[in-house]
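Asks: Below you will find the structure I want to go over with you.
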């Protein structure tokens, strides 16, 4: 008698635990209907709304503005005029007609 109560208590505990921890795949047990009678809507009363999935594009990275400096042209140096060489004095005539 004690053995029968013990086994039935264990079986009842297993049934309770198995019902709480996972989905009930058994077709014999049906969950009670939670909607009150008389106010059920059929699927034809509500028009189906088309579901559109829009991909949200990832934000495009903004281009970083890089400034490339144009090199300033180096001024070309103005050529310095080369002095005309003075002729080496050769024997030139003096004011009084003599040569030096």
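In our numbering, the protein residues as written are 2 to 101. Glycine residues also receive a C-beta, built at the ideal position from the N, C-alpha and C atoms.
Give the DSSP-derived three-state secondary structure of residue 1 in the structure shown.
Replies: Coverage of the chain is limited to positions 2 through 101, which leaves residue 1 absent and any answer about it impossible.
Asks: From the DSSP output, in three-state form, read off residue 19 for me.
Replies: Correct three-state label for residue 19: helix.
Asks: So, helix, strand or coil for residue 70, using DSSP?
Replies: DSSP places residue 70 in coil when its eight states are reduced to three.
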